[in-house]
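In this note's numbering, the protein residues as written are 392 to 605.
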């Protein structure tokens, strides 16, 4: 597919060596992550309907007192905007999937569009981690499907950021853009993402310990 949507002068990612910087890897990873998040959102939405009908309903992911979708699902944080948060995933993830599939087909979206997508998904990431914090330290229970959404949201955010840096879509000053390019060329973003995920897992283990497996 020819590039018909992008009329800005940008960095050509093909000039960056390495498969991990390729369109196939970046948007393939984004697509898989978004599909995982969409699946989790469907399950969480279904569970939200069950809990609305019966707050004491036993959900399949109610493993123990710590790993409990039910405990999280009945908390006010799970419906912050007056409806289940999972519905947001049903709206957002199909958009991400569309971007990923189109990009795998060779489409390059306009710079303003990709910048806007980054801003919106950054807000989504902040919201996901706010919910993670609330689950960890306020509600005191963790929802396995919610954790999966948090992980997949992190991966989508980082792949989108990676591509937007390669294509100079973030309207950064020249010096900042060059530093950002050096950052992704050296695979530092991969190290950062992996380290962050490990820290998240460590935080969960330190907070709840043996109760996770009780």
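Even for Gly, the Cβ is constructed at its ideal location relative to N, Cα and C.
Item                                                                                                                                                               : Value
For the alpha helix (DSSP H) containing residue 587, name the first residue and the last one.                                                                      : 579-599
Mind the definition here: the region 420-435 touches the region 530-547 only if three or more C-beta pairs lie below 8 Å; say whether that holds.                  : yes
Enumerated in chain order, which unbroken segments of the alpha helix (DSSP H) with a length of 4 residues or greater are wholly contained in the region 452-535?  : 460-464, 477-495, 502-525
Assign residue 439 to one of three DSSP states: helix, strand, or coil.                                                                                            : helix
Roughly how many angstroms lie between the CA atoms of residue 471 and residue 503, to the nearest whole one?                                                      : 29 Å
Between residue 514 and residue 484, what straight-line distance do the alpha-carbon atoms span, to the nearest angstrom?                                          : 14 Å
How would you write the range of the alpha helix (DSSP H) that residue 569 sits in, first residue to last?                                                         : 565-576
Would you please state the rounded distance, in angstroms, between the beta carbons of residue 562 and residue 506? I believe it to be under 8 Å.                  : 6 Å
Going by beta carbon distance, what residues of the same chain come within less than 6 Å of residue 466, once the five residues before and after it are set aside? : 530
For a test of the three-state rule: what should DSSP assign to residue 425, helix, strand or coil?                                                                 : helix
Starting from the Cα of residue 413, find the closest Cα among 440, 429, 497, 458 and give me that residue.                                                        : 497
What does a CB cutoff of less than 7 Å around residue 453 pick up in its chain, not counting 5 residues either side in sequence?                                   : 459, 460, 461
How would you label residue 490, buried or exposed, when you count the other beta carbons within 10 angstroms and need 16 or more for buried?                      : buried
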